[in-house]
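One structure below.
Protein chains: 4
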Amino acid sequence: MPLTPEQAAEIAEARTTPRPTLRATSPGMEAELYVAHEILDHGLLRVIDYMGDDAAICQAARVSYGRGTKAVTDDRGLIRYLMRHWHSTPFEMCEVKFHVKLPVFVARQWIRHRTANVNEYSARYSILDREFYIPAPENLAAQSVVNNQGRGELLEGDEAQRVLDLLRDDAMRSFDHYEGMLSQDGQKGLARELARMNLPMNTYTQWYWKTDLHNLFHFLRLRADTHAQYEIRVYAEKMCEITRAWVPLAYGAFEDYRLGGVNLSARAKEVLQRRLRGEVVTQEMSGMSKGEWREFQAEWG
Amino acid sequence: MPLTPEQAAEIAEARTTPRPTLRATSPGMEAELYVAHEILDHGLLRVIDYMGDDAAICQAARVSYGRGTKAVTDDRGLIRYLMRHWHSTPFEMCEVKFHVKLPVFVARQWIRHRTANVNEYSARYSILDREFYIPAPENLAAQSVVNNQGRGELLEGDEAQRVLDLLRDDAMRSFDHYEGMLSQDGQKGLARELARMNLPMNTYTQWYWKTDLHNLFHFLRLRADTHAQYEIRVYAEKMCEITRAWVPLAYGAFEDYRLGGVNLSARAKEVLQRRLRGEVVTQEMSGMSKGEWREFQAEWG
Amino acid sequence: MPLTPEQAAEIAEARTTPRPTLRATSPGMEAELYVAHEILDHGLLRVIDYMGDDAAICQAARVSYGRGTKAVTDDRGLIRYLMRHWHSTPFEMCEVKFHVKLPVFVARQWIRHRTANVNEYSARYSILDREFYIPAPENLAAQSVVNNQGRGELLEGDEAQRVLDLLRDDAMRSFDHYEGMLSQDGQKGLARELARMNLPMNTYTQWYWKTDLHNLFHFLRLRADTHAQYEIRVYAEKMCEITRAWVPLAYGAFEDYRLGGVNLSARAKEVLQRRLRGEVVTQEMSGMSKGEWREFQAEWG
Amino acid sequence: MPLTPEQAAEIAEARTTPRPTLRATSPGMEAELYVAHEILDHGLLRVIDYMGDDAAICQAARVSYGRGTKAVTDDRGLIRYLMRHWHSTPFEMCEVKFHVKLPVFVARQWIRHRTANVNEYSARYSILDREFYIPAPENLAAQSVVNNQGRGELLEGDEAQRVLDLLRDDAMRSFDHYEGMLSQDGQKGLARELARMNLPMNTYTQWYWKTDLHNLFHFLRLRADTHAQYEIRVYAEKMCEITRAWVPLAYGAFEDYRLGGVNLSARAKEVLQRRLRGEVVTQEMSGMSKGEWREFQAEWG
């Protein structure tokens with residue numbers, strides 16, 4: 021359970037009192053506000069605030085004075101046009117702020133996306149909680165033999181158990197020692213900024229993370245992808261659901277053009293054009309390397 | 021008048037219908053939403069949307085679960101601490117979106133601030149309006165003789181009148197010709213993306229401009245400064261008022277530490293320390309150049 | 021001619037004296053350094069400095085200690101892999117700095133690319149030169165009737181001549197008045213920061229512009245595209261040539277995957293898959309709008 | 021020792037062969053290129069590449085055609101002027117790329133500076149080395165009792181020994197288990213992207229980090245400061261030395277205005293002005309809080 025009763029109460033409290041606003045509101049996103057989604061074994065994801073909706077994207081693209089009286093079908097067409105032609109600035113006009121609790125090794129992947137604002141819980145000031153990510157058995161996989169960075173077969177039986185035991189025991193012991201080093205029980209107690217270095221990278225941290233919709237889509241395209249590490253993908257997939265509720269038209273365009281879309285190189289395009297004309301094209305004729313041809317065939321047969 | 025009756029009606033309409041939201045709201049900012057402030061002769065500035073308030077800054081700094089029950093004095097102290105120690109990320113958690121109508125030469129200064137999102141009215145798609153900035157007589161100044169980039173004495177009498185006539189006539193004639201080149205009255209009509217090049221840089225353009233509070237403060241420190249060009253400063257000063265209404269605690273800290281604060285070099289600090297000990301320090305002893313000493317004396321006597 | 025004899029001499033001088041360096045060098049780029057390429061009627065583009073080469077991209081991707089002994093074919097394969105899978109950070113490890121002289125309306129499009137460093141000639145401090153962009157007759161086109169923002173048929177005969185005369189006369193007159201307003205011949209002379217507003221947007225400005233290779237590729241993909249306005253495209257096309265000379269492997273990958281590549285939406289991909297199976301797919305069956313189908317057919321027949 | 025003999029040989033090799041270039045070179049920086057500075061117990065810092073020198077800053081500020089014939093005293097004055105008046109863009113025209121080996125908990129502080137380019141060694145692809153940061157006894161400090169995030173008294177005797185033993189033993193054991201989980205000795209072997217989570221945050225990682233001079237100065241002002249954590253400060257201090265060798269004029273200005281300079285709030289400025297007039301000002305009269313007054317007195321007595 022990622023929340024204490026006090027935290028759950030604070031969240032419930034925050035959802036009780038609507039206030040009037042003149043701003044654009046998204047009904048789908050209002051339903052999401054503050055709600056804690058549990059991710060992994062102790063993680064969470066929740067929306068803290070948002071700015072804008074589908075109409076705000078169109079309004080900015082048109083630099084208009086009002087919200088306009090355009091039909092939803094006009095807005096859908098405009099949004100699809102903007103997405104198709106990489107007109108990214110109107111999507112930057114929406115903003116979202118998340119509260120995320122996540123393992124440190126996931127946080128280190130996440131932070132590579134630099135066009136975002138971040139406030140992380142400080143282990144220089146504060147003492148971390150005794151919470152670690154331990155994979156569920158169905159996520160305990162071997163190194164892939166075909167992909168240098170991915171996962172392959174599941175670990176099973178004794179090997180799986182041994183791994184889980186090691187992860188759990190090492191985390192517990194490291195945390196015991198972290199607490200022991202901090203302890204002032206008859207001692208000076210090691211500075212927090214030093215003691216934290218003993219903790220493993222599956223320790224949970226948390227942060228506020230804020231970004232605009234264009235950069236969120238970029239994050240989701242890379243992190244909700246099947247090649248992303250499972251432990252970050254589960255956050256991205258939940259964010260996809262939330263984004264769909266927030267800006268359904270923009271999310272629909274994103275899904276069609278980015279998530280479900282593909283990029284063809286000039287060479288790949290030519291192969292398809294020749295196939296459409298009825299020719300048989302081999303790897304040798306394609307100009308692609310073996311690895312690239314394998315990727316191409318996985319997509320196109 | 022920067023607004024047509026239709027635009028004024030759209031704005032009035034947008035202010036009639038509050039909707040309930042669970043987000044943080046700022047009463048001062050709700051009063052500002054959509055309202056068009058007239059700037060210069062045809063410009064305007066208005067808030068289109070905002071995210072966050074003073075409490076949101078503290079909440080992010082604490083990475084907390086709820087809005088907390090902290091007293092306002094605690095929040096004020098925390099915000100002043102964050103500002104004093106250049107902890108900028110909590111201020112990035114607030115966001116604001118403006119609609120601005122401004123002369124092109126002002127837009128060119130403004131856009132140098134890159135950490136913002138912008139959608140500008142497109143003169144490739146659309147035809148610009150016949151609106152130019154003509155300075156009021158009290159802003160018609162000569163080149164400064166002490167400052168390479170500033171203004172000096174006012175122009176007066178015939179010289180002032182001649183300048184105003186030239187600006188007005190050239191703008192009008194350029195716009196007549198812009199319209200003439202676009203005209204399809206028996207002609208093909210020049211492409212908009214080409215015809216626009218005939219317009220002068222005091223032509224008004226407009227954009228949606230969105231930024232976070234930290235970067236807004238950076239913009240305001242440079243552009244609400246007395247060294248900023250008058251025509252951008254009037255926008256910045258109105259934004260200062262709006263920001264004060266939005267996040268009064270953060271604005272108060274900004275005013276004390278940035279707008280009203282000064283930076284002392286190591287050399288300047290040493291001069292002050294020696295003066296406080298009763299010594300008389302001359303420019304030669306200070307290590308400062310003459311220009312720098314002049315700036316120092318203007319501040320400290 | 022974009023250069024005065026003094027400027028040409030300064031450039032020639034800069035190319036006479038090689039100095040030894042231990043840094044990575046690119047022979048193709050050394051040949052480009054400082055050389056002024058003439059663009060449009062008075063514009064120019066030249067490389068002022070650069071950092072890195074193809075090997076530097078691989079070295080960063082491998083976080084290696086030395087330049088390595090990898091074969092060029094290994095580097096080509098790695099670079100193509102990185103480009104194909106959107107691993108953009110290794111490309112960010114190369115940097116380039118240009119000196120550009122360009123019309124103001126082009127500068128305003130260019131500056132929308134925010135991830136770059138810019139120093140522009142200041143018309144607050146300095147007086148601008150009497151130089152304007154006047155299109156060559158073969159670039160004087162009418163508004164497109166099929167594309168809201170593009171160009172259509174060429175203007176011809178009297179209409180073309182009338183447009184060229186208007187552009188030239190208005191620019192000349194505006195510049196005469198600019199000079200006249202600045203003049204201190206028995207007058208105070210209007211401040212430069214004000215007088216500049218009388219100049220048209222085809223006035224030439226200049227700047228130093230620095231960016232990394234990843235962001236340069238992004239710029240080139242949008243601005244060397246056939247949909248980009250001609251007056252910015254000619255700069256982008258010259259930058260493509262320069263980039264090919266600088267980092268031939270990276271440019272080759274960019275050309276295959278980005279410049280010559282296409283993005284397929286999920287819907288478009290499905291249409292192609294069905295066609296490859298021998299089905300006939302109509303717009304109605306495709307899920308695409310008419311406009312989108314037209315774009316799809318232009319690409320795929 | 022942070023380098024293997026092979027790595028040391030690669031670095032020595034890279035320093036043997038100067039190549040001619042027409043670019044600006046910095047003799048101080050050429051002497052630094054590739055040289056590995058040892059930091060902490062297993063860390064390192066070295067310059068991989070650089071772009072620009074002091075003259076390049078001035079050249080960009082002047083948007084000039086050549087390197088100019090300006091005297092060094094002119095350049096010094098211009099650079100000091102730019103720094104004093106926060107004209108940051110000319111400093112952005114210089115760029116530097118470092119190779120850094122550093123503990124993960126330091127990397128996590130470092131990466132908060134977002135305006136930089138980073139390529140980190142991937143623990144999804146590769147296996148990490150058995151190297152951890154263990155503080156030297158003289159850096160083993162207790163939590164500060166006056167500063168919520170700093171260090172206080174040194175730990176001594178048994179307490180110090182106990183901490184060192186825990187850090188070393190836990191790191192060793194975690195690494196043994198990391199290797200054990202990866203092992204395919206009769207097993208499938210856990211995926212690298214999972215096994216890494218068992219490692220503590222004092223594990224060393226490494227990256228290529230590239231930034232411009234303006235953002236480097238910003239980093240150094242915060243991280244070479246006495247309030248920065250010791251383990252990142254030692255990197256920043258070495259970078260200060262390197263930067264002084266690279267751009268001595270710019271570094272001199274940075275040292276005077278930023279590193280050695282102070283920011284005075286409007287309130288603090290007023291207190292100093294009153295003191296200079298001979299008045300005695302107390303905390304109550306100053307408008308400052310107790311904490312702020314304490315900081316003020318530490319600086320000004």
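Protein chains in written order, with our numbering: chain A, 21 to 321; chain B, 21 to 321; chain C, 21 to 321; chain D, 21 to 321. C-beta: ideal position from N, C-alpha, C; glycine also. Bear in mind the structure is a predicted one, so any value in this text is a computation, not a measurement.
Which residue wins for smallest C-alpha separation from S164(C), given the options G172(C), Q207(C) and R104(C)?
G172(C)
Leaving aside the five residues before and after H197(A) along the sequence, list all residues of the same chain whose C-beta is less than 8 Å from its C-beta, in chain order.
N218
Which residue from Q226(B), A44(B) and A29(B) puts its Cα closest to that of T55(B)?
The question names Thr, but residue 55(B) is Val in the sequence shown. Cα-wise, what sits closest to V55(B) is A29(B).
Tell me which residues share the same chain as T14(B) and place their Cβ nearer than 6 Å to its Cβ, disregarding the 5 neighbours each side in the sequence.
Because residue 14(B) is not part of the residues shown, which for chain B are 21 to 321, the question remains open.
Contacts around A191(A), its chain only, beta-carbon distance under 6 Å, and the 5 residues preceding and following it disregarded
F152 and P220
Within its chain, find whatever has a CB closer than 7 Å to the CB of R295(C); leave out the 5 residues flanking it on each side and keep chain order.
V301
Of all Cβ atoms in chain D, is any one closer than 8 Å to the Cβ of H238(A)?
no
Can you find the residues in the same chain that come closer than 6 Å, C-beta to C-beta, to R150(B), ignoring five residues on each side of it along the sequence?
F195
Could you give the uninterrupted runs of the alpha helix (DSSP H) lying entirely in the region 105-183 of chain D, keeping only those of 4 residues or more?
124-130
When S146(B), Y224(B) and F274(B) are compared against P322(B), the one with the closest alpha-carbon
There is no way to answer for residue 322(B), as the model of chain B reaches only from 21 to 321.
List the residues that DSSP assigns as beta-bridge partners of I59(D).
G63(D)
Pair within 8 Å by beta-carbon distance, L160(C) and L175(C):
yes
What distance in whole Å lies between the Cβ atoms of D74(D) and D95(D), which are believed to be in contact at a cut-off of 8 Å?
6 Å
Rounded straight-line distance, which links the Cα of I147(C) to that of R182(C):
30 Å
I want to see whether chain B comes within less than 8 Å of I147(A), judged by CB atoms only; does it?
no
Residues that DSSP places opposite D232(C) in a beta bridge:
E115(C)
How big is the Cα-Cα spacing for E179(B) and F125(B)?
23 Å
For the region 98-125 of chain B, which residues have a beta carbon sitting closer than 9 Å to at least one beta carbon of chain C?
P123, V124 and F125
Taking 8 Å as the cut-off, decide whether the C-beta atoms of S309(A) and G281(C) are in contact.
no
For T36(D), which option in P47(C), Q27(C) and T41(C) has the closest C-alpha, if you only look at C-alpha atoms?
T41(C)
So G177(C) contacts chain B; which residues on that side make the cut at Cβ distance below 9 Å?
Within 9 Å Cβ-Cβ: nothing; G177(C) doesn't reach chain B, min ~10 Å.
By how many angstroms is the C-alpha of E58(B) removed from the C-alpha of L65(B)?
7 Å
Taking Cβ to Cβ, would you say G72(D) is nearer than 8 Å to E115(D)?
yes
Distance between G170(A) and E213(D) (C-alpha atoms, nearest Å)
8 Å
Please decide whether R43(C) counts as near chain D, where near means a Cβ-Cβ distance under 8 Å.
yes
On a Cα-Cα basis, can you pick out the residue from K289(A), P38(A), A51(A) and V83(A) that is closest to K230(B)?
V83(A)
Measuring straight from C-alpha to C-alpha, what distance separates G272(D) and S46(D)?
16 Å
Could you run through the region 208-238 of chain A and flag, in chain order, every residue whose CB is less than 7 Å away from some CB of chain B?
Q226, W227, Y228, K230 and D232
Compute the Euclidean distance between the alpha carbons of E158(B) and Q249(B), then round it to the nearest angstrom.
14 Å
Starting from K289(C), find everything on chain A with Cβ-Cβ shorter than 8 Å and list it in chain order.
G280, G281 and V282
Under DSSP, the beta strand (DSSP E) around P40(B) begins and ends at which residues?
R39 to T41
Quick one: what's Y70(B) bridged to in DSSP?
V116(B)
Quick one: Cα of N283(B) to Cα of E304(B), how far?
21 Å
Compute the beta-carbon to beta-carbon distance between L53(B) and R43(A), rounded to the nearest angstrom, for a pair I have assumed lies under 8 Å.
7 Å
Using three-state DSSP, classify N283(D) as helix, strand or coil.
strand
Roughly how many angstroms lie between the CA atoms of G298(A) and E275(A), to the nearest whole one?
31 Å
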